[in-house]
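Student: First, the structure itself, so that you have it in front of you.
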Amino acid sequence: MLDKKTTQVVNMTTDGQQVKSLHRAYISEDIKSDSSVVVPKQEVSLSKVLAEINSSQNKGLRVITVKQLKKLNFKEVPTLLTPFFPQVGVAALAGSSDTGKSSLLRQLAYSIANKESEFLGFPLNLRFGKALYISTEDNDQAMSALFNRLPSDSSSDENADENLGYVFETPGLASDLNDYLQDHPVDCVFIDAFSDIYDGDLNALNRVRSFIQIFSEIAQRHQCLILFLHHTGKRTDLLVPSKDNVIGSVGFEGKMRALLELRRDPNDPSLRHLCVLKGNYIGQEHKNESYALRFNEESMTFQNTGQRVTFQNLAKRSSQANEAKQQATDLAIASYFQENKSIREIQALFESRGYPWKRSTIHKIINDHKQSKAVAQAPITFVDTVQPINLASQQGLRYEMDPESHFED
Numbered sequence: 063m064l065d066k067k068t069t070q071v072v073n074m075t076t077d078g079q080q081v082k083s084l085h086r087a088y089i090s091e092d093i094k095s096d097s098s099v100v101v102p103k104q105e106v107s108l109s110k111v112l113a114e115i116n117s118s119q120n121k122g123l124r125v126i127t128v129k130q131l132k133k134l135n136f137k138e139v140p141t142l143l144t145p146f147f148p149q150v151g152v153a154a155l156a157g158s159s160d161t162g163k164s165s166l167l168r169q170l171a172y173s174i175a176n177k178e179s180e181f182l183g184f185p186l187n188l189r190f191g192k193a194l195y196i197s198t199e200d201n202d203q204a205m206s207a208l209f210n211r212l213p214s215d216s217s218s219d220e221n222a223d224e225n226l227g228y229v230f231e232t233p234g235l236a237s238d239l240n241d242y243l244q245d246h247p248v249d250c251v252f253i254d255a256f257s258d259i260y261d262g263d264l265n266a267l268n269r270v271r272s273f274i275q276i277f278s279e280i281a282q283r284h285q286c287l288i289l290f291l292h293h294t295g296k297r298t299d300l301l302v303p304s305k306d307n308v309i310g311s312v313g314f315e316g317k318m319r320a321l322l323e324l325r326r327d328p329n330d331p332s333l334r335h336l337c338v339l340k341g342n343y344i345g346q347e348h349k350n351e352s353y354a355l356r357f358n359e360e361s362m363t364f365q366n367t368g369q370r371v372t373f374q375n376l377a378k379r380s381s382q383a384n385e386a387k388q389q390a391t392d393l394a395i396a397s398y399f400q401e402n403k404s405i406r407e408i409q410a411l412f413e414s415r416g417y418p419w420k421r422s423t424i425h426k427i428i429n430d431h432k433q434s435k436a437v438a439q440a441p442i443t444f445v446d447t448v449q450p451i452n453l454a455s456q457q458g459l460r461y462e463m464d465p466e467s468h469f470e471d
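Just so you know, the sequence shown maps onto residues 63 to 471 in the working numbering.
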C-alpha cells in the first residue's frame, strides 16, 4: 500500500527527461512512521501527478449526455478576452526576446484585477476579477519597481492590488497551484515562462503534450484559463508570423486552444503586432492581419492603435531569398548523401543555426533530389561554409519549401 508524503523532489523524471519540480513523492508504508528516513530523489511519472490532481474527483467516467450539454445553453464558446483567449483551458503568447511579452501579460493581469470591462478595446469577460501571475524571470524587487511606475489613477477598483497575486518560486508548481486554486478562484493564471517550468526536450512531442496536460486538467477543474508565455526561434521575426515559429515540437502548439505571437514592427520601433497564429474557435478574420499596438517604454504598457497589418507585410524582405533557399537545399543534400546524416541529424543541424527546420521539408528535398538525379552519377561537391547560414533571415524560405506550414491542424 502506498501513502503520500510531501517531500522535496528536485527532479521529476518524465520518460527519461528531468523536469524540475516539487511534487508529492510516494513512499512505502514501511518507512511511513520513520521520520528520520530521507526520501531519495523519486522517479515520478506524469501519470501519477495527473492521478493526484484527479484524486478529488469522483471515481469513474464523468459522462455528460447531449441533452445535458444542450441544457447548458451556450451559443458560443465563452471567452476571457474576446476574441483571443477562451475562458477555460490553456493558451499561449509567444514572441522573441525584448518584444514586451511579459509587459503585455502583466497589463492584462492588472486589468483583470482592476475588474475592467475591456482590455485594449477588446471585451474582457470576468467572473472573479482575480488573477495569479507566476514569474520565473523576475523577482519581487523588479515587480515592485514596475508597478510603482504605473499612473496613480490606474486602479479604479479599491481591491485591485489585492486581486493580483505574484509567485516567484516555482518548485511544486502543479501540486501547489492545484491546492491554491481550491480556495482562491481566479480568472487567469499566467505562467511566465513555459521553458523555465519544463526542463525536458522541447522537441519531444509526447512529453511536451503530457506535461501541458497537467495544467490543462487544473484549468478544467478550477474553470480558469492558464496562459503560458513562450518564445519563438532565433530570427523568426524575419519570417511571416506562423505557429511554426514557436520553439519546440508541434506538441506545444497542438495542446494550446489559442496561440498568439507578439512581434516588433519591421520599421517603427515603438509598434508591436499581436498576431493570432492558432485559435480553435477564433474566426478567420482575426488570423490574417495583426493588431498594431503602441508600446510605451516609460510605463511599460500598450495601447491599441486600431490599425491592422497583413502578416506578409510583417516579414523583413530580402533579395537573397532564392540564394539562401538553394544554399539550404545544398546543405541538406550534402549532409544526407556525403556525410550520411539522418533526417533527424540534419534537422538538429539546422536548428542549431537558428532555423526551426521541419523533417517533412528535409524529406521532400532528399526525395526530390533522388528522383531528379542518379546520386552515383552526379556526385555532390557542395562544401559547407564555416559561418552558419542565416536561413531564417530570408523572407519566404520556409514557405516556398514547405507550403503546408500555413495550414491549421
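For every residue, glycine included, the Cβ atom is placed at its ideal position computed from N, Cα and C.
Over what stretch of residues does the alpha helix (DSSP H) that includes F273 continue unbroken?
Tutor: Per DSSP, F273 belongs to the alpha helix (DSSP H) from L267 to H284.
Student: Taking the alpha carbon of L194 as the reference point, which residue from F230, R297, A204 and N375 has its own alpha carbon closest?
Tutor: The candidate whose alpha carbon is nearest that of L194 is F230.
Student: For D330 and T141, what's the separation of their Cα atoms in angstroms?
Tutor: So the alpha carbons of these two residues sit roughly 31 Å apart.
Student: Verify the contact flag: G295, CB atom, against every heavy atom of the ligand NAD, threshold strictly below 7 Å.
Tutor: This structure lacks the ligand NAD; in fact it carries no ligand of any kind.
Student: Does DSSP put L212 in a helix, in a strand, or in coil?
Tutor: DSSP places L212 in coil when its eight states are reduced to three.
Student: Between the stretch 264–284 and the stretch 239–250, are three or more C-beta pairs nearer than 8 Å?
Tutor: Output reads yes: the stretch 239–250 touches the stretch 264–284.
Student: Would you mind reading off the limits of the beta strand (DSSP E) that contains R297?
Tutor: Unbroken run through R297: none, as it is neither H nor E.
Student: Does DSSP put Q449 in a helix, in a strand, or in coil?
Tutor: Annotation note: pLDDT 46 at Q449 (below 50); position unreliable, coordinate value reported separately. Q449: coil per DSSP, three-state reduction.
Student: Measuring only the C-alpha atoms, how far is S197 from L226?
Tutor: About 13 Å.
Student: Flag T372 as yes if its beta-carbon sits less than 8 Å from any beta-carbon of chain C, otherwise no.
Tutor: Absent from the structure: chain C. Only one protein chain is present.
Student: What is the DSSP secondary structure of H335, counted as helix, strand or coil?
Tutor: Three-state DSSP puts H335 in a strand.
Student: Below 6 Å CB to CB, which residues in the same chain sit around F252 once its five sequence neighbours on both sides are set aside?
Tutor: Excluding sequence neighbours, F252 sits near L167, A171, Y195 and L289.
Student: Since L301 and A410 should fall inside the 8 Å C-beta cutoff, what is the C-beta to C-beta distance between them, to a whole number of angstroms?
Tutor: Going by Cβ atoms, the distance from L301 to A410 rounds to 20 Å, so no, they are not a contact pair.
Student: Apart from the five residues on each side of it in sequence, which residues of its chain come closer than 7 Å, Cβ to Cβ, to L212?
Tutor: Closer than 7 Å at Cβ, skipping near neighbours: S361.
Student: Decide if F256 is buried, meaning its Cβ has at least 16 other Cβ atoms within 10 Å, or exposed.
Tutor: With 16 or more other Cβ atoms within 10 Å, it is buried.
Student: So if DSSP puts D254 in a beta bridge, which residue, or which two residues, is it bridged to?
Tutor: Per DSSP, S197.
Student: My parser needs the beta strand (DSSP E) runs of 3 or more residues fully inside the stretch 141–207; what are they?
Tutor: Runs found: 141–143, 151–157 and 193–197.
Student: Rounded to the nearest angstrom, what separates M484 and L155 at their Cα positions?
Tutor: Nothing can be reported for residue 484: it is not among the residues displayed for the chain, which extend from 63 to 471.
Student: Please list the terminal residues of the continuous alpha helix (DSSP H) segment that includes Y242.
Tutor: Note, Y242: alpha helix (DSSP H), L235 to D245.
Student: Quick check: what's the CA-CA separation for F209 versus G162?
Tutor: Each residue's Cα considered, the two are about 15 Å apart.
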